[in-house]
Amino acid sequence: MKIFLADTTATRKLGITLGQSLDAGNVILLEGDLGAGKTTLVQGIGEGLGISDPIVSPTFTLINEYTEGRLPLYHLDLYRLESNEVAALSLETYWEGVEVIPGIVAIEWAERIPYKPDSYLSVRLTYGDERTRQAEITPYNCVISEEIGVLSAFYECVSPNIVFDAKDSSCKCLPDE
Ligand SMILES: Nc1ncnc2c1ncn2[C@@H]1O[C@H](COP(=O)(O)OP(=O)(O)O)[C@@H](O)[C@H]1O
Ligand SMILES: [Mg+2]
1 MKIFLADTTA TRKLGITLGQ SLDAGNVILL EGDLGAGKTT LVQGIGEGLG ISDPIVSPTF
61 TLINEYTEGR LPLYHLDLYR LESNEVAALS LETYWEGVEV IPGIVAIEWA ERIPYKPDSY
121 LSVRLTYGDE RTRQAEITPY NCVISEEIGV LSAFYECVSP NIVFDAKDSS CKCLPDE
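The numbering used here applies: residue 1 is where the sequence shown begins, and numbers increase by one.
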C-alpha cells in the first residue's frame, strides 16, 4: 500500500504507529535515497516503542541498540557497506533473536542485504517535493497491522488496492496482482 506523507510529522506519525503495533522479531527493511526520511521513520518507531533516548543515525556506528522501550530496537544503517561486507555481518542473529533479545529490527539501505529474512515489512520511501514523501509498504509473509491501514486511509491512500470501511474504520489491504 502507498501512503502519502505530507510532511516530517506525517512520517514520524507513521513510525509511531508502527512502533506501537509491531511484534518482537519483526523486521523493517527501509529503502530510499539520502534524505528520503528513513531515519525520521525509525525515530517515530522508537517513540512508538516508548524509547526516550534520542535516535540518531547509525551511519558511522552501523548499529544502535535501544533497550528501554516496550521491545528492544535494533537500528542499522548499511549505507557505508558493500554487499559482501553486509553478508559477513550475520544480520540474521538480530531477526532470529538467537544471541540477542528478540526485538524490532529496522535496517536503512536494506537494498544492500544480499539475503532477506523469511518475513519482513518493506518500506520504500520516495521524494515528492521538499516537504512531501511517499511510503510504499509491502508485507512479505507478514500482515500489515490494521492501525497502519487506518492511518493510510487517513493520509489519503493513493493506492487502488486498499479498501477502507468508514463504518467501523477497518481497513483491508488487497494483495498486489
Ligand atoms: N515528509 C517528510 N518525511 C520525512 N522527512 C522529511 C519530510 N519532509 C522533509 N523532510 C526532511 O528530510 C530529511 C530526512 O532525513 P532522514 O530521515 O535522515 O533521511 P534518510 O535517513 O532517509 O537519509 C529531514 O531533514 C526531514 O526534516
Ligand atoms: Mg538515515
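Note that beta-carbon positions come from the ideal geometry of N, C-alpha and C, so glycine has one too. A quick note: this is a predicted structure, and the numbers were derived from the prediction, not measured.
Check: Tell me which same chain residues have a C-beta within less than 7 Å of the C-beta of residue 94, skipping the five on either side of it?
Finding: 74, 100, 105
Next item on the list: At 3 residues or longer, and completely inside the segment 25-65: list those beta strand (DSSP E) runs for me, N to C.
Entry: 27-31
Item checked: Contact test: residue 5 Cβ vs ligand 1 heavy atom, cutoff 7 Å -> yes
Margin query: Comparing C-alpha positions only, which one of 78, 137, 112 sits nearest to residue 120?
Written below: 137
Next item on the list: Report buried or exposed for residue 40, applying the criterion of at least 16 other Cβ atoms within 10 angstroms of its Cβ.
Entry: buried
Notebook entry, point to check: beta strand (DSSP E) containing residue 105: first to last residue?
Noted result: 104-108
Notebook entry, point to check: What residue ranges within the segment 70-104 form continuous alpha helix (DSSP H) runs of no fewer than 4 residues, ordered along the chain?
Noted result: 83-87, 92-96
Check: For residue 89, which of 124, 122, 63 has the nearest alpha-carbon?
Finding: 63
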